[in-house]
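**Student:**
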């Protein structure tokens with residue numbers, strides 16, 4: 001589904017990703033873990049075109065996407081859930097959802113049908129449809145962000161720290177929803193610091209260190225020696 | 001009642017001029033909201049709009065109202081082109097100090113357009129024909145039909161803009177970009193292209209204001225300076241970036257100016273709006289609609 005090969009990228013003169021290669025398999029939840037500064041979020045930004053790679057290739061469904069401007073990726077079927085709050089605070093919930101359908105805005109019947117579909121999945125959004133999104137609680141904003149990402153029916157979603165800043169109860173709910181998405185056939189590539197929680201929901205895990213993949217394995221395998229992996233990060 | 005009619009006439013006059021300033025201030029607000037820059041060449045789009053309309057009605061002999069539409073189209077496309085040519089480096093991470101870049105570019109553009117107008121149109125003041133002749137007699141006061149028509153067109157254009165901003169896909173996307181540029185890119189919105197359109201829309205509102213006020217004042221190369229300064233006053237006193245603020249602020253400035261003319265002296269017409277600005281900022285440093293967002 002997504003193949004990242006020998007990618008190098010960074011900000012200005014500071015290189016963050018060093019010859020990094022990994023892949024996200026179809027219908028799987030692939031998890032990226034690693035110490036702070038390993039380049040996890042930078043990798044997602046590079047895939048989505050916010051950071052331009054200086055080397056390497058990024059292919060989505062066989063098509064080269066590195067160097068494409070970010071706004072073209074939505075049309076290809078890639079979604080991106082940012083770590084920070086990313087609802088448009090002064091737009092209503094319904095307007096937020098509508099913008100998720102920007103790539104097929106001319107098909108108003110489909111837009112309305114997708115919005116209804118999201119209201120069914122997340123009833124709280126329907127209740128508050130004409131309120132400003134900025135007035136919602138942190139957990140509700142996250143649900144709106146997920147619903148908005150799902151509007152165009154993406155094939156792949158990049159997820160950056162889905163539980164950041166949320167209470168444990170709501171974080172659990174977010175993981176449950178993400179897991180459901182995978183079961184519905186959406187491929188997920190997720191970065192998470194909340195390793196203990198997220199590893200149980202993943203299929204495959206990559207460990208990133210200093211901008212490279214230092215190891216990879218099936219999720220259940222790494223779960224067994226998680227302690228060793230985390231301890232090894234503390235050495236440098 | 002008859003003693004009051006000069007006052008009433010001034011008030012109505014203030015509202016008429018205020019609604020046209022409103023167009024100009026709303027244009028500045030749209031550009032500021034989406035592109036996060038202050039357009040120091042706004043007054044020159046006002047001037048170009050006035051010239052466009054003047055030439056359509058004087059040289060080509062068409063109706064002055066047709067001139068307004070030509071002015072709107074011309075300044076829209078000129079705005080789009082200028083944004084594409086001069087302002088896109090802002091979003092390609094080519095510019096380190098974006099605010100200073102935008103300030104210098106738009107200020108330079110203002111000087112360039114003024115001098116170009118001097119070279120092309122000459123320094124002489126031209127008087128544009130009224131939109132329509134005759135007067136409207138309301139019993140207490142008599143209004144010039146041309147001015148009333150200008151105000152009605154200004155209000156119609158304001159309503160169209162508000163409709164575009166609040167009810168259309170384009171407007172929703174523009175509001176989204178003004179709030180969070182990266183997230184709108186994730187939605188698939190091409191912020192660069194819409195930024196050009198936003199600049200064009202802002203410029204054409206100034207152009208429309210110039211075309212509407214051309215017959216009231218006179219048409220000459222530096223005619224945009226004072227209205228531009230007034231629109232800065234309006235958007236600052238109404239809170240930078242607030243649409244509500246731009247509209248109410250312009251009506252307030254229009255009214256205060258005409259009351260000042262009536263009670264104090266017409267010689268200081270341009271001073272009154274600054275007095276109001278100083279007073280409002282003294283008591284409400286964030287402006288009338290402080291903290292309000294672009295779409296309110």
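Protein chains in written order, with the UniProt record's numbering: chain A, 1 to 236; chain B, 1 to 296. C-beta: ideal position from N, C-alpha, C; glycine also. Since the model is a prediction, treat every value here as computed from it, not as a measurement.
Mind checking if residue 98/A is an interface residue toward chain B, Cβ cutoff 8 angstroms exclusive?
**Tutor:** Taking the first chain and counting its residues from 1, the one referred to as residue 98/A is at position 98. By this cut-off, residue 98/A is an interface position.
**Student:** May I ask which residues mark the beginning and end of the beta strand (DSSP E) holding residue 95/B?
**Tutor:** By 1-based counting over the second chain, the position of residue 95/B is 95. Careful: residue 95/B lies outside any beta strand (DSSP E) and carries neither H nor E.
**Student:** I'd like to know whether the C-beta atoms of residue 247/B and residue 22/B end up nearer to each other than 8 angstroms.
**Tutor:** By 1-based counting over the second chain, the position of residue 247/B is 247. By 1-based counting over the second chain, the position of residue 22/B is 22. It is a contact, given that the beta carbons lie within the stated cut-off.
**Student:** Can you check whether the C-beta of residue 197/B is within less than 8 angstroms of a C-beta belonging to chain A?
**Tutor:** Indexing the second chain from 1 puts residue 197/B at position 197. No, no contact with chain A.
**Student:** When DSSP labels each residue in this structure, what does residue 220/B get in the three-state scheme?
**Tutor:** For the purposes of this step, residue 220/B is taken as residue 220 along the second chain, with counting starting at 1. Note: residue 220/B maps to coil in three-state DSSP.
**Student:** Exposed or buried, residue 96/A, counting other C-beta atoms within 10 Å across all chains shown (16 or more means buried)?
**Tutor:** To locate residue 96/A, count along the first chain from 1; it is residue 96. Classification for residue 96/A: buried.
**Student:** Report yes if the CB atom of residue 19/B is closer than 8 angstroms to the CB atom of residue 154/B, and no otherwise.
**Tutor:** Residue numbering aside, residue 19/B sits at position 19 when the second chain is read from its first letter. Residue numbering aside, residue 154/B sits at position 154 when the second chain is read from its first letter. Taking 8 angstroms as the Cβ cut-off, residue 19/B and residue 154/B qualify as a contacting pair.
**Student:** Which value, in whole angstroms, describes the spacing of the CA atoms of residue 225/B and residue 147/A?
**Tutor:** Position 225 of the second chain, counted from the first residue, corresponds to residue 225/B. Position 147 of the first chain, counted from the first residue, corresponds to residue 147/A. Each residue's alpha carbon lies about 48 angstroms from the other.
**Student:** Between residue 223/A and the rest of its own chain, which residues show a CB-CB distance below 7 angstroms, the 5 nearest in sequence each way excluded?
**Tutor:** On the first chain, residue 223/A is found 223 positions in, with the first residue counted as 1. Around residue 223/A: 199.
**Student:** For residue 286/B, which of helix, strand or coil comes out of DSSP?
**Tutor:** Position 286 of the second chain, counted from the start, is the residue given in the question as residue 286/B. It is coil, neither helix nor strand.
**Student:** Looking at the structure shown, is residue 159/A part of a helix, part of a strand, or coil, going by DSSP?
**Tutor:** By 1-based counting over the first chain, the position of residue 159/A is 159. Strand.
**Student:** Threshold first: 4 residues or longer. Then list the alpha helix (DSSP H) segments lying entirely within the segment 99-175 of chain B, N to C.
**Tutor:** Those alpha helix (DSSP H) runs which fall completely within the segment 99-175 of chain B and span 4+ residues are 145-167.
**Student:** Cβ atoms of residue 210/B and residue 49/B: under 8 angstroms apart, would you say?
**Tutor:** Taking the first residue of the second chain as position 1, residue 49/B is located at position 49. Taking the first residue of the second chain as position 1, residue 210/B is located at position 210. Yes, these two residues count as a Cβ contact at 8 angstroms.
**Student:** Along the chain, where does the beta strand (DSSP E) containing residue 19/A start, and where does it finish?
**Tutor:** Within the first chain, numbered from 1, the residue matching residue 19/A stands at position 19. That run of the beta strand (DSSP E) goes 14-24.
**Student:** Assign residue 160/B to buried or exposed, taking buried as 16 or more other Cβ atoms, counted over all protein chains shown, within 10 Å of its Cβ.
**Tutor:** Locating residue 160/B in the second chain gives position 160, where the first residue counts as 1. With fewer than 16 Cβ atoms within 10 Å of its Cβ, residue 160/B is classed as exposed.
**Student:** In angstroms, rounded to a whole number, what distance separates the CA positions of residue 8/A and residue 46/A?
**Tutor:** Locating residue 8/A in the first chain gives position 8, counting from the first residue. Locating residue 46/A in the first chain gives position 46, counting from the first residue. Those two C-alpha atoms are separated by around 9 angstroms.
**Student:** So with CB distances below 7 angstroms, who are the chain A contacts of residue 115/B?
**Tutor:** Mapped onto the second chain, residue 115/B falls at position 115. Going along chain A, no residue has its Cβ under 7 angstroms from residue 115/B, so there is no contact; the nearest lies around 37 angstroms.
**Student:** Looking only at its own chain, which residues have a Cβ that is under 7 angstroms from the Cβ of residue 72/B, when we skip the five neighbours before and after it?
**Tutor:** Looking up residue 72/B in the second chain gives position 72. If we look at residue 72/B and ignore the five residues flanking it on each side, its Cβ neighbours are 204, 207, 208.
**Student:** Looking at residue 28/A and residue 182/A, is the spacing between their C-beta atoms short of 8 angstroms?
**Tutor:** For this step, residue 182/A is matched to residue 182 along the first chain. For this step, residue 28/A is matched to residue 28 along the first chain. Yes. Within cutoff.
**Student:** Tell me the rounded alpha-carbon separation between residue 62/B and residue 268/B.
**Tutor:** The residue you call residue 62/B lines up with position 62 of the second chain. The residue you call residue 268/B lines up with position 268 of the second chain. About 36 angstroms.
**Student:** Can residue 280/B and residue 288/B be called in contact, C-beta distance under 8 angstroms?
**Tutor:** In the second chain, the residue the question calls residue 280/B occupies position 280. In the second chain, the residue the question calls residue 288/B occupies position 288. In this structure, residue 288/B lies closer than 8 angstroms to residue 280/B by Cβ.
**Student:** Compare the C-alpha of residue 168/B against each of 98/A, 129/A, 174/A and name the closest.
**Tutor:** Within the second chain, residue 168/B is the residue found at index 168, counting from 1. Closest option to residue 168/B, Cα to Cα, is 98/A.
**Student:** For a minimum of 4 consecutive residues, which ranges assigned as the alpha helix (DSSP H) are wholly contained in the segment 167-199 of chain A?
**Tutor:** As far as the segment 167-199 of chain A is concerned, its whole alpha helix (DSSP H) runs of at least 4 residues are 168-183, 195-199.
**Student:** Given that a residue counts as buried once 16 or more other Cβ atoms are within 10 Å of its Cβ, and exposed if not, what is residue 222/B?
**Tutor:** Here residue 222/B refers to the residue found at position 222 when the second chain is read from its first residue. When all chains shown are included, residue 222/B counts as exposed.
**Student:** Against chain B, does residue 220/A count as a neighbour if the rule is that its beta carbon must be under 8 angstroms from one of theirs?
**Tutor:** As a working mapping, residue 220/A is identified with position 220 in the first chain. Cβ-Cβ to chain B under 8 angstroms: no for residue 220/A.
**Student:** Just mark residue 116/B as buried or exposed, buried being the case when its beta carbon has 16 or more other beta carbons within 10 Å.
**Tutor:** Looking up residue 116/B in the second chain gives position 116. Exposed, because fewer than 16 other Cβ atoms sit within 10 Å of the Cβ of residue 116/B.
**Student:** With residue 80/A as the anchor, note down where its alpha helix (DSSP H) starts and where it stops.
**Tutor:** Here residue 80/A is taken as the residue at index 80 of the first chain, counted from 1. Taken as a continuous stretch (DSSP letters only), residue 80/A belongs to no alpha helix (DSSP H), being part of the beta strand (DSSP E) at 78-81.
**Student:** If I measure Cβ to Cβ from residue 86/B and keep anything under 6 angstroms in the same chain, skipping five residues before and after, which residues do I get?
**Tutor:** By one-based count along the second chain, residue 86/B stands at place 86. Cβ within range, chain order: 105.
**Student:** Against residue 188/B, what residues of chain A qualify as contacts under a CB-to-CB distance less than 7 angstroms, listed in chain order?
**Tutor:** The sequence position of residue 188/B within the second chain is 188, counting from 1. Chain A residues near residue 188/B: 71, 74, 75, 102, 103.
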